[in-house]
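Taking my numbering, the leading residue of the sequence shown gets 12, the next gets one more, and so forth.
Glycine included, C-beta positions come from ideal geometry on N, C-alpha and C.
Keep in mind it's a predicted model, so treat the numbers as computed, not measured.
All remarks here apply to the structure that follows.
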Amino acid sequence: MDKKPVGKVTHFFNKISVAVVDLTDELRNGDRISIEGPAGVVEQVVSSMQINKEPVARAGAGQSIGLKVDARVREGDTVYVLTE
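This is the structure we're talking about:
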């Protein structure tokens with residue numbers, strides 16, 4: 012499986028399990044992603060993204076999004092889109 016970097020985690024809200032991600036490329040609902048850092052790897056399908064508390068189906072480079080995640084991630088972790 013190939014992976015392409017699309018952003019970095021800049022903050023994590025533990026209580027609601029949401030990561031703030033600064034994007035360097037496009038991300039869409041339904042994309043399979045991997046969030047990787049020194050503490051481990053989280054793989055999931057993007058199910059919920061928001062920009063300024065408004066749900067969005069896609070976001071592009073230069074945007075900062077709130078991304079619902081399945082497990083704890085950390086500031087500085089890299090977000091990759093996985094492709095076959």
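- For R85, the three-state secondary structure derived from DSSP is coil.
- With fewer than 16 other CB atoms across the displayed protein chains lying within 10 angstroms of its CB, M12 is exposed.
- Beta-bridge pairing by DSSP links E54 to S45.
- Just so you know, the alpha carbons of Q55 and N63 end up roughly 23 Å apart.
- Distance check between V17 and each of N25, S28, F23, T35 places T35 closest, using alpha-carbon atoms only.
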